[in-house]
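Going left to right, the sequence shown walks through residues 80 to 156 as the numbering used here numbers them. C-beta: ideal position from N, C-alpha, C; glycine also. Predicted model only: the values in this text are computed from it and were never measured. Shown next, in structure tokens, is the structure this report addresses.
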Amino acid sequence: MGDREATEARALHTIAELLAGHPGLVTDRAAAGQIAHILHNTAIELDAGRRVPNEVRRAVRALADALRVALDPRGRT
């Protein structure tokens, strides 16, 4: 596993944990839990040095970016 994967894995874990702390972002708790599960499990795969298919990795990265923007208090009006 390289530094890039380790950094990406830490970011995914962090965003998943932040999602749990903001229940209003995804109002359905089951859906929020599954989103966090996807982020955590992708991070686990990266941490373990296992390959995540490019399409899946891109989709998870886009999901994480969208959540990061939504969780950023500076971005809210």
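Item                                                                                                            : Value
Alpha carbon of A85 to alpha carbon of T106, nearest angstrom                                                   : 30 Å
Exposed unless 16 or more other CB atoms sit within 10 angstroms - verdict on A141                              : exposed
Helix, strand or coil at G112 [DSSP, three-state]                                                               : helix
Top-ranked residue by Cα proximity to D82, from A149, L125, E134, P132                                          : L125
Coarse secondary structure for R130, derived from DSSP in three states                                          : coil
Close-in-space but distant-in-sequence residues of the same chain around E96 (CB under 6 Å, 5 per side omitted) : none
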